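As you go down the protein sequences, you meet chains A and B in turn. When the letters of the first sequence are read in order and numbered with our numbering, they come out as residues 1 to 245. When the letters of the second sequence are read in order and numbered with our numbering, they come out as residues 246 to 490. For every residue, glycine included, the Cβ atom is placed at its ideal position computed from N, Cα and C. This one's a predicted model, so the numbers in the text were calculated from it and none came from an experiment. Working notes, beginning with the structure itself.
There are 2 protein chains.
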Amino acid sequence: MKILAIDTSTSFATIAVAVENQVVAELLLNTNRTLSARLIPEIERVIATAGLGISDIDLFASSIGPGSFTGIRGGVATIQGLALATGKPCVGFSSLEMLAMNFSLSSTLICPMLDARKSEVYAALYNLSSQAPIPLISDGVFSPEDILNEIAAATEEPVIFLGDGAVRYHDIISNRLASRARFPNYPLNHPRPSNAVTLALNTYLSEKSVMPSELLPIYLRASDAEINHNKRLTSAGYQFVNEPS
Amino acid sequence: MKILAIDTSTSFATIAVAVENQVVAELLLNTNRTLSARLIPEIERVIATAGLGISDIDLFASSIGPGSFTGIRGGVATIQGLALATGKPCVGFSSLEMLAMNFSLSSTLICPMLDARKSEVYAALYNLSSQAPIPLISDGVFSPEDILNEIAAATEEPVIFLGDGAVRYHDIISNRLASRARFPNYPLNHPRPSNAVTLALNTYLSEKSVMPSELLPIYLRASDAEINHNKRLTSAGYQFVNEPS
Numbered sequence: 001m002k003i004l005a006i007d008t009s010t011s012f013a014t015i016a017v018a019v020e021n022q023v024v025a026e027l028l029l030n031t032n033r034t035l036s037a038r039l040i041p042e043i044e045r046v047i048a049t050a051g052l053g054i055s056d057i058d059l060f061a062s063s064i065g066p067g068s069f070t071g072i073r074g075g076v077a078t079i080q081g082l083a084l085a086t087g088k089p090c091v092g093f094s095s096l097e098m099l100a101m102n103f104s105l106s107s108t109l110i111c112p113m114l115d116a117r118k119s120e121v122y123a124a125l126y127n128l129s130s131q132a133p134i135p136l137i138s139d140g141v142f143s144p145e146d147i148l149n150e151i152a153a154a155t156e157e158p159v160i161f162l163g164d165g166a167v168r169y170h171d172i173i174s175n176r177l178a179s180r181a182r183f184p185n186y187p188l189n190h191p192r193p194s195n196a197v198t199l200a201l202n203t204y205l206s207e208k209s210v211m212p213s214e215l216l217p218i219y220l221r222a223s224d225a226e227i228n229h230n231k232r233l234t235s236a237g238y239q240f241v242n243e244p245s
Numbered sequence: 246m247k248i249l250a251i252d253t254s255t256s257f258a259t260i261a262v263a264v265e266n267q268v269v270a271e272l273l274l275n276t277n278r279t280l281s282a283r284l285i286p287e288i289e290r291v292i293a294t295a296g297l298g299i300s301d302i303d304l305f306a307s308s309i310g311p312g313s314f315t316g317i318r319g320g321v322a323t324i325q326g327l328a329l330a331t332g333k334p335c336v337g338f339s340s341l342e343m344l345a346m347n348f349s350l351s352s353t354l355i356c357p358m359l360d361a362r363k364s365e366v367y368a369a370l371y372n373l374s375s376q377a378p379i380p381l382i383s384d385g386v387f388s389p390e391d392i393l394n395e396i397a398a399a400t401e402e403p404v405i406f407l408g409d410g411a412v413r414y415h416d417i418i419s420n421r422l423a424s425r426a427r428f429p430n431y432p433l434n435h436p437r438p439s440n441a442v443t444l445a446l447n448t449y450l451s452e453k454s455v456m457p458s459e460l461l462p463i464y465l466r467a468s469d470a471e472i473n474h475n476k477r478l479t480s481a482g483y484q485f486v487n488e489p490s
């Protein structure tokens, strides 16, 4: 089985191609704000580097968040398009689980933490000591203080913090958890492209592949555009039936 | 400081570019036997993906082995050429230490193991629980049985085995160490491109950068060509003053 798996939920996009469980090409690139124009040519290039063409791919996969709204929307839409055009299945996976997998087999608990702006983080707590990561705190959006309180309530063990949220809130984490908080070398704060392949394959083997139309981003909170739209409607006297809880 | 760091010691070549300790682009590609023609264009492409040119790079780095003779020679020669032409410093680092760093901060001991053919492996044993990896068994060439005996004598703890040597000799390792032997998900058997950047920077900061002419491969054993050459000379009656010990 040939797999293309991407992650565009942070400012570091990843693209990986695997054949029969073995990664043959992977790319990580700092996208800043230029991803949309670069994603398709970079995908084509990585597939070509792997010695393949788009039509050779049997499974398309994308992280579905949480993370950058624009990034995830672009990544998911690209994978939807590729799967739809080729008639191949697609799967989605968690960006936080992918990041946590930088520490596969770790006997230390892992807190992947992405900067969600507005003094919040997307975070979770995983046990990766066995082959399948076990979430102890599910993916969510938190203030740094709240996730640290949840972690302190959940465990007295050391925890490795990684991701751009862990870099940004390093001092708050250190102050709260003291020597129990561990921080990796800088490159380990970026997702590893090939982790996406492992997650894609595991999701597919769990029979959780979906139709392209069912591959949906998980934003965990409303976008600024939605919040502003809702504010305008509310101030105009509208009530929401399906208001996010 | 802008760093280009490559590893060509296995069938998976890696190229990574970092700016101020932060990786901005990294590529892993399965090279099989086609590396020599692809290395320079792929390096140019990754540097361009990072938004840089060759002349922007301040430090050039390559793994110096152990591993594939042809791969290492090509990688080292390329980095020597780039450093010489630009007048910038270069550094070398161990391919096994780079591979072990897939498990940075692991509290489990790590045995990186590369297939050296001829029923041998290049292997070592590292403790990566602190930021700087500590070698417990230094990089060497061993029969699978010999390295497992050395590991059994050195520790009673679990050990994570990774690399193409660990994949090839999985059953021998499992039989010898039983449940103490751990094996990662497949992609973790490949070196992570950005680990090379971390090693390059650490080597540079330890003031161990070298002149291009001093960047020398560490093969750990003689190549087939040397062995055959020596056999021919010996059978012709020559004595070696500097015969490898």
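Rounded Cβ spacing between residue i and residue j (contact assumed at less than 8 Å)
i: A5 of chain A; j: A196 of chain A; result: 4 Å
i: S352 of chain B; j: S107 of chain A; result: 5 Å
i: L370 of chain B; j: L354 of chain B; result: 6 Å
i: A445 of chain B; j: I248 of chain B; result: 5 Å
i: G67 of chain A; j: S9 of chain A; result: 3 Å
i: L250 of chain A; j: V91 of chain A; result: A query on residue 250 of chain A cannot be resolved here, the shown segment of chain A reaching from 1 to 245 and no further.
i: T86 of chain A; j: I54 of chain A; result: 7 Å
i: N277 of chain B; j: S307 of chain B; result: No, N277 of chain B and S307 of chain B are not in contact; Cβ-Cβ is about 20 Å, not under 8 Å.
i: S194 of chain A; j: P432 of chain B; result: 3 Å
i: V366 of chain B; j: L465 of chain B; result: Not really, about 11 Å apart at Cβ, beyond 8 Å.
i: R176 of chain A; j: L148 of chain A; result: 4 Å
i: R192 of chain A; j: R437 of chain B; result: 6 Å
Alpha-carbon spacing of residue i relative to residue j, whole angstroms
i: Y483 of chain B; j: P403 of chain B; result: Its pLDDT being 47, under 50, Y483 of chain B is placed unreliably by the model, and the measurement read from it follows with that caveat. So the two alpha carbons sit approximately 48 Å from each other.
i: S339 of chain B; j: P378 of chain B; result: 11 Å
i: L96 of chain A; j: L114 of chain A; result: 8 Å
i: A13 of chain A; j: R38 of chain A; result: 10 Å
i: Y449 of chain B; j: H229 of chain A; result: 53 Å
i: H435 of chain B; j: V24 of chain A; result: 10 Å
i: K363 of chain B; j: M346 of chain B; result: 26 Å
i: S458 of chain B; j: I309 of chain B; result: 13 Å
i: F161 of chain A; j: N185 of chain A; result: 11 Å
i: L381 of chain B; j: A368 of chain B; result: 11 Å
i: C111 of chain A; j: N202 of chain A; result: 21 Å
i: L28 of chain A; j: I15 of chain A; result: 7 Å
i: A397 of chain B; j: L105 of chain A; result: 21 Å
i: M1 of chain A; j: K88 of chain A; result: 11 Å
i: S287 of chain A; j: F428 of chain B; result: Residue 287 of chain A lies beyond the residue range present for chain A, which begins at 1 and ends at 245; the question has no answer from this structure.
i: F103 of chain A; j: L84 of chain A; result: 33 Å
i: D171 of chain A; j: R180 of chain A; result: 13 Å
i: I383 of chain B; j: R290 of chain B; result: Here residue 383 of chain B turns out to be Ser, not Ile, going by the sequence shown. About 35 Å.
i: A178 of chain A; j: Q376 of chain B; result: 17 Å
i: D7 of chain A; j: I40 of chain A; result: 13 Å
i: D391 of chain B; j: G163 of chain A; result: 40 Å
i: G165 of chain A; j: A116 of chain A; result: 8 Å
i: E271 of chain B; j: E26 of chain A; result: 8 Å
i: K453 of chain B; j: N372 of chain B; result: 22 Å
i: A399 of chain B; j: Y414 of chain B; result: 20 Å
i: E42 of chain A; j: T198 of chain A; result: 20 Å
i: S281 of chain B; j: G316 of chain B; result: 8 Å
i: V412 of chain B; j: N275 of chain B; result: 16 Å
i: P489 of chain B; j: F314 of chain B; result: Note that P489 of chain B scores a pLDDT of 38, beneath 50, so its modelled location is shaky; the value from the coordinates is reported in the next line. Spanning the two alpha carbons is a distance of roughly 17 Å.
i: E150 of chain A; j: L82 of chain A; result: 39 Å
i: E401 of chain B; j: S206 of chain A; result: 36 Å
i: A222 of chain A; j: V210 of chain A; result: 24 Å
i: E471 of chain B; j: A50 of chain A; result: 34 Å
Start and end residues, alpha helix (DSSP H) containing residue i
i: V268 of chain B; result: Segment 267 to 275 is the beta strand (DSSP E) holding V268 of chain B; no alpha helix (DSSP H) there.
i: T49 of chain A; result: 35 to 49
Terminal residues of the beta strand (DSSP E) in which residue i lies
i: S194 of chain A; result: Careful: S194 of chain A lies outside any beta strand (DSSP E), inside the alpha helix (DSSP H) at 193 to 205.
i: V264 of chain B; result: 257 to 264
i: Y367 of chain B; result: 366 to 372
i: S62 of chain A; result: 59 to 63
i: A250 of chain B; result: 247 to 252
Q) How do the region 322 to 334 of chain B and the region 264 to 277 of chain B stand: do at least 3 beta-carbon pairs fall below 8 Å, yes or no? A) no
Q.
For a minimum of 4 consecutive residues, which ranges assigned as the alpha helix (DSSP H) are wholly contained in the region 331 to 356 of chain B?
A. 340 to 345
Q.
To test your reading of the DSSP string, which unbroken alpha helix (DSSP H) runs of 4 or more residues are found completely within the region 388 to 434 of chain B?
A. 389 to 399, 409 to 413, 415 to 422
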